[in-house]
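In this note's numbering, the protein residues as written are 319 to 416.
Working notes, structure below.
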């Protein structure tokens, strides 16, 4: 039976879990099984997974982690390696030229 729906009372439409489009012959398989998260469905698509990164996806994750570490360590150095001051001033810290 249909549910009442307007702008303020939305209905989540969930279908069968989808494993994605077929991959090419030289690609590694996707990781994990797809599953649904109800609260993710409140924002958009409730299906999480399966995950396929590939070579460029893995490289982008590594470069992102490297950049996060460089920025974080420079911010920590700007408060003279004091973790209390780092947390206290986190929103005001910035990487500025000398």
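The beta-carbon is built from N, C-alpha and C at its ideal position, and this holds for glycine as well.
Collapsing the DSSP output to three states places residue 403 in a helix. With respect to residue 343, residue 368 sits apart: the two C-beta atoms are not nearer than 8 Å. Ranked by Cα distance from residue 366, the options 416, 398 and 338 are led by 338.
According to the DSSP assignment, residue 356 belongs to the alpha helix (DSSP H) that extends over 356-361. C-alpha of residue 331 to C-alpha of residue 358: approximately 12 Å in a straight line. Put simply, of 347, 361 and 324 the residue whose alpha carbon is nearest the alpha carbon of residue 373 is 347.
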